[in-house]
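Notes follow the structure.
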Amino acid sequence: MKSDRAFLLIGALAKQANTTKDTIRHYDELGLLRSRKRQAGSRLYTEFHPECIERIEIIKNIKAVGFSLNEIKNGLNDYYDGNFSIDKRMLAVSEKLAQAKSEQATLTNVINQLTTRYRVLEEMKSNNNTLLSKDEWQKRIAELLPNDTPS
């Protein structure tokens, strides 16, 4: 480990990592960061290893592609401990990719249905229909989206 001066207090780490103290506390509680406790008089300080700046950046990047903090924890610690398994990471990324593709298909369906509903409303408005009956709406949507529930 580096000398005591290299360790960072939470405020300095938050500033350098461009995040909040609460986020750092949360990551530390989950075991994502390397820290140590130091007694100074009656106060107990948590000091963070300088590599935590890089760790936080990695966490942000991996979270951005859909991994949870718990999913990140094992891979991150393996990486820093020199036990990074490419096969394990490939499996994790492959599973996350399959999940993302499934979510994409669901979103595509939602977008298509909303687009259809919007077009029906646009067409009705262009025909000077500002109000429509429940039956009329259900009929129009049923024509375009069979087996669909009205909304």
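Numbering-wise, the working numbering comes out as the position in the sequence shown, counting from 1, plus 18.
All residues carry an ideal CB built from backbone N, CA and C; glycine is no exception.
No experiment lies behind these values; they were computed from the predicted model shown.
*How about Leu87 and Tyr45: do their beta carbons lie closer than 9 Å?*
yes
*State the Cα-Cα distance for the pair Glu65 and Gln117, rounded to the nearest angstrom.*
Computed Cα separation, rounded: 37 Å.
_Paired residues, beta bridge with Lys55 - DSSP_ = Thr64
*With 16 other CB atoms within 10 Å as the buried threshold, where does Ile90 fall?*
buried
_Determine whether the beta carbon atoms of Gln34 and Ile71 lie at a separation below 9 Å._
yes
*Exposed or buried, what is Gly29 when buried is set at 16 or more other beta-carbons lying within 10 Å of its beta-carbon?*
Counting C-beta atoms within 10 angstroms of its own C-beta, Gly29 has fewer than 16 neighbours from the protein chains shown and is therefore classed as exposed.
*Since Leu26 sits in a beta bridge, which residues does DSSP pair it with?*
Phe66
*By a C-beta neighbour count over all protein chains shown, 10 Å radius and 16 as the cutoff for buried, is Arg56 buried or exposed?*
exposed
*From what residue to what residue does the alpha helix (DSSP H) around Ala82 run?*
Ala82 -> no alpha helix (DSSP H), and no H or E assigned at all.
*Looking only at C-alpha atoms, which of Pro68, Gly49 and Gly84 sits nearest to Lys119?*
Gly84
_Here's the rule: buried if 16 or more other CB atoms are within 10 angstroms of the residue's CB, otherwise exposed. What is Leu50?_
buried
*Run the CB neighbour count on Gly100, radius 10 Å, all protein chains shown included, and call it buried at 16 or more, exposed below.*
exposed
*Is it true that the CB of Leu162 sits closer than 9 Å to the CB of Val138?*
yes
*Does DSSP put Thr37 in a helix, a strand or coil?*
coil
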